[in-house]
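> The following block contains the structure, expressed as structure tokens.
Protein chains: 2
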Amino acid sequence: MATLKDVAKETGLTVSTVSRVLNNRGYISEETRKNVYAAMERLNYHPNELARSLSKKSTYTIGVIVPHIRHPYFAELISNLENEAYHRKYKILLFNSQEKDEREKEYLDMCTRNRVTGIIICSGNIQMKEFKELNVPLITIERYLENGTAMVECDNYQGGKLAARHLIEKGCRHLIHFSGVRETAMPADQRAAGFEDVCKQKQVSHDAIGTSVNEYNALEYHDYIEKVLKEHPETDGIFASSDLIAAQLIQVCAKKGIKIPEQMKIVGFDDVNVASLTTPRITTIHQPIKEMARTAVELLIKASEGEVTPSRTVLPVVLVERETT
Amino acid sequence: MATLKDVAKETGLTVSTVSRVLNNRGYISEETRKNVYAAMERLNYHPNELARSLSKKSTYTIGVIVPHIRHPYFAELISNLENEAYHRKYKILLFNSQEKDEREKEYLDMCTRNRVTGIIICSGNIQMKEFKELNVPLITIERYLENGTAMVECDNYQGGKLAARHLIEKGCRHLIHFSGVRETAMPADQRAAGFEDVCKQKQVSHDAIGTSVNEYNALEYHDYIEKVLKEHPETDGIFASSDLIAAQLIQVCAKKGIKIPEQMKIVGFDDVNVASLTTPRITTIHQPIKEMARTAVELLIKASEGEVTPSRTVLPVVLVERETT
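Line by line, the protein sequences give chains C and E.
Mind the numbering: the first sequence is residues 96 to 420 in our numbering, read in order.
Mind the numbering: the second sequence is residues 96 to 420 in our numbering, read in order.
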């Protein structure tokens with residue numbers, strides 16, 4: 096592989112002049128600049144960004160830790176994070192924790208050892224103490240973290256309200272909310288609060304039923320849904336805490352001969368691709384994933400530059416009406 | 096942040112002794128080793144992997160370039176690549192090309208400048224010349240590349256045969272294959288060949304209809320499917336080149352009142368989560384994505400260590416029967 100010295104030799108310039116061209120430092124004539132870049136191209140010389148990172152103290156790398164890459168919500172989120180990073184000349188180091196404590200710890204350690212500019216984390220198990228002395232900005236998306244730099248979330252409470260109002264307006268009187276994972280406190284829990292508040296106000300019967308970590312990790316809810324529907328045969332409207340659960344709900348209803356939307360109305364959450372791929376397509380609460388990703392990347396970069404950033408940013412949600420209501 | 100010098104001072108050892116402990120070099124007593132690690136923990140010292148990478152000439156990083164993270168096939172593939180890399184102490188730098196030439200070039204350049212150990216690429220537009228002097232192993236998954244190190248693919252031809260045989264056995268006599276993107280040659284094209292060969296042999300009428308890059312990039316096929324069904328009203332069996340197309344096909348059939356599987360039978364390809372989330376669930380050709388990911392990572396590491404590796408590895412597919420046939 097060609098080195099800086101080879102480029103200097105090829106152009107007849109000194110190493111320090113070539114280095115000045117690369118680092119855009121001091122006065123360099125346009126002709127010299129052109130010569131250097133032409134020689135780099137001829138020699139197939141690539142500046143070593145590792146070496147540059149060491150001296151510049153920034154790697155322009157963002158560590159992203161998610162629980163499940165294959166979950167459509169996280170796939171969509173990662174896609175947007177990568178795009179926002181790209182436009183700011185940053186790279187993404189991607190880590191899939193599978194919600195396992197030991198993997199999260201190892202990933203944090205990898206991030207530190209590789210001197211990432213900051214970390215965006217959407218995985219829930221990490222203990223606060225692990226973060227205390229990380230020395231890099233730590234942004235969470237839809238997760239609580241006491242020692243984090245900033246938290247980005249959607250308006251989960253409003254999402255719950257929108258779902259309840261919509262189902263009630265469509266005539267439902269026996270509502271169920273398939274809520275999130277029971278063991279871990281997360282912003283998504285506010286969906287239940289918003290949902291419940293509207294149901295109480297409108298005096299509509301409602302139940303909130305939490306899923307378990309096992310179901311979440313397997314992305315598999317069929318048995319759980321069947322059990323709940325058997326125990327609540329009067330149900331005519333369901334708010335599912337993800338489009339993934341809503342899609343599986345449609346399947347269980349089809350199996351049991353329950354017609355959607357005639358006998359059962361469903362509102363999902365997230366508005367990721369699966370919501371548009373089911374038959375019928377899912378009415379859902381749209382999370383502004385693109386804007387959440389942009390906010391997270393911007394906050395991370397600002398914080399890494401020493402700026403004071405908001406500790407909590409809440410972005411608005413809307414209801415997208417499709418065919419399940 | 097604590098440095099190697101701080102650890103030396105804390106332990107009363109020399110910097111070179113501490114360095115020998117970290118690099119596992121030369122004789123070090125168990126007591127010294129323990130002292131050093133205890134001091135590292137007390138001082139919250141993290142070895143700088145960037146600096147180590149520079150001297151070791153390996154970054155233990157794999158660049159992964161895909162066209163669309165949010166496509167369920169690539170989300171599944173990335174998830175498996177990350178897992179295989181993790182178990183070998185490698186990290187993933189993730190890049191989303193959106194099938195754009197200029198982004199692929201920039202990403203390759205980023206990979207080179209950051210001294211990745213190798214690159215796994217599943218994006219189709221890159222010109223061969225870009226790779227000629229990369230000097231790192233380049234593994235493609237389901238893509239052709241003349242100057243690549245190794246190609247990993249599933250048995251696409253066999254997949255096409257399995258789909259045709261299954262549809263014909265189920266009684267279909269007017270078949271259509273919604274094949275891949277027309278502009279780019281890729282291994283998936285062999286699905287059409289396998290499909291056609293069986294149809295010819297069994298003397299069943301068949302048509303192969305390619306999708307365009309626009310539809311592929313938008314992941315949106317509804318209009319295209321409607322048009323094709325209008326032009327081929329006699330169709331009673333369809334082989335869709337991805338589960339994503341099959342899911343949208345189910346939606347168009349529902350809209351037009353075509354009953355699945357009674358009036359229309361469908362076989363998808365990939366067997367990613369969407370195949371199990373639609374109603375009815377999709378009969379599909381299962382790609383061994385986990386094994387393909389493992390093979391790609393293993394080949395990359397072996398090639399980076401100078402081993403001779405197979406230039407082409409084909410992994411078997413199977414048909415998974417669900418509810419669309």
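Every residue, glycine too, gets a C-beta built ideally from N, C-alpha and C.
Do T419 of chain C and I320 of chain C count as a contact pair if the criterion is CB distance below 8 Å?
Within the first sequence, numbered from 1, the residue matching residue 320 of chain C stands at position 225. Within the first sequence, numbered from 1, the residue matching residue 419 of chain C stands at position 324. Contact flag unset, no.
> Using the C-alpha atoms, what's the distance from V211 of chain E back to L344 of chain C?
If you number the first sequence from 1, residue 344 of chain C lands on position 249. If you number the second sequence from 1, residue 211 of chain E lands on position 116. Those two C-alpha atoms are separated by around 44 Å.
> So with CB distances below 8 Å, who are the chain C contacts of T154 of chain E?
Within the second sequence, numbered from 1, the residue matching residue 154 of chain E stands at position 59. What T154 of chain E touches in chain C: L145.
> What are the residues of the segment 127-143 of chain E that lie near chain C, defined by any Cβ-Cβ distance shorter than 7 Å?
Here the close residues are N139, H141, P142 and N143.
> Does the beta-carbon distance from A340 of chain C to V362 of chain C come in below 8 Å?
Here residue 340 of chain C is taken as the residue at index 245 of the first sequence, counted from 1. Here residue 362 of chain C is taken as the residue at index 267 of the first sequence, counted from 1. In the sequence under discussion, the amino acid at residue 340 of chain C is Ile, which differs from the Ala named in the question. No; because the gap between Cβ atoms is not below 8 Å, this pair is not in contact.
> CB-CB under 6 Å to I57 of chain C, same chain, minus the five flanking residues each way: which ones, in chain order?
A question about residue 57 of chain C goes unanswered here, because the residues of chain C that appear run from 96 up to 420.
> To the nearest angstrom, how far is the alpha carbon of I160 of chain C from that of D196 of chain C?
Mapped onto the first sequence, residue 160 of chain C falls at position 65. Mapped onto the first sequence, residue 196 of chain C falls at position 101. Distance between the alpha carbons of I160 of chain C and D196 of chain C: 12 Å.
> Out of E:K184, E:Y252 and E:E177, which one is the CA nearest neighbour of I215 of chain E?
Counting from 1 along the second sequence, the entry for residue 215 of chain E is found at position 120. Out of E:K184, E:Y252 and E:E177, E:E177 has the C-alpha closest to the C-alpha of I215 of chain E.
> In chain order, what residues of the same chain lie with their CB nearer than 8 Å to the CB of Q253 of chain E, ignoring the 5 residues before and after it?
Walking along the second sequence from the start, residue 253 of chain E turns up at place 158. Excluding sequence neighbours, Q253 of chain E sits near G289, P411 and V412.
> So which residues on chain E does E177 of chain C lean against when the C-beta distance must stay under 8 Å?
The residue you call residue 177 of chain C lines up with position 82 of the first sequence. The answer, in chain order, is I164, L189, F190 and N191.
> Any Cβ of chain E within less than 8 Å of the Cβ of S208 of chain C?
Stepping through the first sequence from its first residue, residue 208 of chain C is reached at position 113. Rather than Ser, the amino acid found at residue 208 of chain C in this sequence is Arg. Yes, because at least one Cβ of chain E sits closer than 8 Å to the Cβ of R208 of chain C.
> Provide the residue(s) that pair with S274 of chain E in DSSP beta bridges, ordered along the chain.
As a working note, residue 274 of chain E is residue 179 in the second sequence. Note: S274 of chain E sits in a beta bridge opposite E:G305.
> Just list the residues that DSSP pairs A245 of chain C with in beta bridges.
Numbered from 1 along the first sequence, position 150 holds the residue referred to as residue 245 of chain C. Answer by DSSP bridge pairing, in chain order: C:I234.
> DSSP three-state label for V102 of chain C, please.
To locate residue 102 of chain C, count along the first sequence from 1; it is residue 7. If DSSP states are grouped into helix, strand and coil, V102 of chain C belongs with the helices.
> Please check if any C-beta of chain E sits within less than 8 Å of the C-beta of M246 of chain C.
Taking the first residue of the first sequence as position 1, residue 246 of chain C is located at position 151. So no, M246 of chain C is outside the interface.
> Quick one: measure Cβ to Cβ for A283 of chain C and N251 of chain C, integer angstroms, because I've assumed they're closer than 8 Å.
As a first step, residue 283 of chain C must be located in the first sequence, where it is residue number 188. As a first step, residue 251 of chain C must be located in the first sequence, where it is residue number 156. At roughly 5 Å, the Cβ-Cβ gap stays under 8 Å, so A283 of chain C and N251 of chain C are in contact.
> Thinking V415 of chain E and D366 of chain E are a contact (beta carbons under 8 Å), I'd like their distance in whole angstroms, please.
Start at 1 with the first residue of the second sequence, and residue 415 of chain E comes out as number 320. Start at 1 with the first residue of the second sequence, and residue 366 of chain E comes out as number 271. With a Cβ gap of about 6 Å, V415 of chain E and D366 of chain E count as contacting.
> Going along chain C, which residues have a C-beta under 9 Å from I173 of chain E?
For the purposes of this step, residue 173 of chain E is identified with residue 78 of the second sequence, where counting begins at 1. The contacting residues are I164, R165, A170, I173, L189 and N191.
> Quick check on the DSSP output: what are the complete beta strand (DSSP E) runs of length 3 or more inside the segment 153-230 of chain C, in order along the chain?
Segments of the beta strand (DSSP E) lying fully in the segment 153-230 of chain C: 156-161, 186-191 and 213-216.
> Please state the DSSP three-state secondary structure of H381 of chain C.
Taking the first sequence and counting its residues from 1, the one referred to as residue 381 of chain C is at position 286. DSSP places H381 of chain C in strand when its eight states are reduced to three.
> Could you tell me the distance, in whole angstroms, from the CA atom of L172 of chain E to the CA atom of E126 of chain E?
Residue mapping note: residue 172 of chain E aligns to position 77 of the second sequence, counting from 1. Residue mapping note: residue 126 of chain E aligns to position 31 of the second sequence, counting from 1. Taking the straight line from one Cα to the other gives about 45 Å.
> Tell whether a beta-carbon distance below 8 Å holds between I236 of chain E and L395 of chain E.
In the second sequence, the residue the question calls residue 236 of chain E occupies position 141. In the second sequence, the residue the question calls residue 395 of chain E occupies position 300. Not closer than 8 Å, so no.
> Taking just the CA atoms, how far does V131 of chain E sit from E400 of chain E?
What you label residue 400 of chain E is simply residue 305 of the second sequence in a count that begins at 1. What you label residue 131 of chain E is simply residue 36 of the second sequence in a count that begins at 1. Computed Cα separation, rounded: 31 Å.
> In terms of alpha-carbon separation, which member of C:A170, C:R137, C:L189 and C:A134 lies closest to I157 of chain E?
Counting from one through the second sequence, the residue named residue 157 of chain E turns up at place 62. Considering only alpha carbons, the answer is C:L189.
> How many Å lie between G255 of chain C and T279 of chain E at the Cα?
Within the first sequence, the letter at position 160 stands for residue 255 of chain C. Within the second sequence, the letter at position 184 stands for residue 279 of chain E. Each residue's Cα considered, the two are about 45 Å apart.
> From this set, C:E136, C:R376 and C:A287, which residue's C-alpha is nearest A258 of chain C's C-alpha?
Locating residue 258 of chain C in the first sequence gives position 163, counting from the first residue. A258 of chain C has its Cα closest to that of C:A287, out of C:E136, C:R376 and C:A287.
> Buried or exposed: where does Q358 of chain E fall if 16 or more other Cβ atoms within 10 Å of its Cβ makes it buried?
Start at 1 with the first residue of the second sequence, and residue 358 of chain E comes out as number 263. Exposed, by the Cβ-count rule.
> Ends of the beta strand (DSSP E) at L410 of chain E?
Numbered from its first residue, the second sequence carries residue 410 of chain E at position 315. Looking at the DSSP string, the run of the beta strand (DSSP E) that includes L410 of chain E is R407 to L410.
> What does the alpha-carbon distance come out to for the pair F334 of chain E and G352 of chain E?
In the second sequence, counting from the first residue as 1, residue 334 of chain E sits at position 239. In the second sequence, counting from the first residue as 1, residue 352 of chain E sits at position 257. So the two alpha carbons sit approximately 19 Å from each other.
> Going along chain C, which residues have a C-beta under 7 Å from L233 of chain E?
Counting from one through the second sequence, the residue named residue 233 of chain E turns up at place 138. Correct list: empty, because the minimum Cβ distance to chain C is about 15 Å.
> To the nearest angstrom, how far is the alpha carbon of H301 of chain C from that of R260 of chain C?
The sequence position of residue 301 of chain C within the first sequence is 206, counting from 1. The sequence position of residue 260 of chain C within the first sequence is 165, counting from 1. Going from the Cα of H301 of chain C to the Cα of R260 of chain C covers about 12 Å.
> Quick one, are the C-beta atoms of T306 of chain C and Y316 of chain C less than 8 Å apart?
Here residue 306 of chain C refers to the residue found at position 211 when the first sequence is read from its first residue. Here residue 316 of chain C refers to the residue found at position 221 when the first sequence is read from its first residue. A contact, by the Cβ cut-off of 8 Å.
> Can you check whether the CB of K184 of chain E is closer than 8 Å to the CB of E155 of chain E?
The residue you call residue 155 of chain E lines up with position 60 of the second sequence. The residue you call residue 184 of chain E lines up with position 89 of the second sequence. Before going further, note that residue 155 of chain E is Tyr rather than Glu in the sequence given. Yes. Within cutoff.
> Would you list the residues sitting across from D365 of chain C in a DSSP beta bridge?
Along the first sequence, one-based indexing puts residue 365 of chain C at 270. Beta-bridge pairing links D365 of chain C to C:H381.
> Which runs of the alpha helix (DSSP H) fall wholly inside the segment 285-338 of chain E and span at least 4 residues, in chain order?
Listed in chain order, the complete alpha helix (DSSP H) runs (minimum 4 residues) inside the segment 285-338 of chain E are 308-313 and 317-326.
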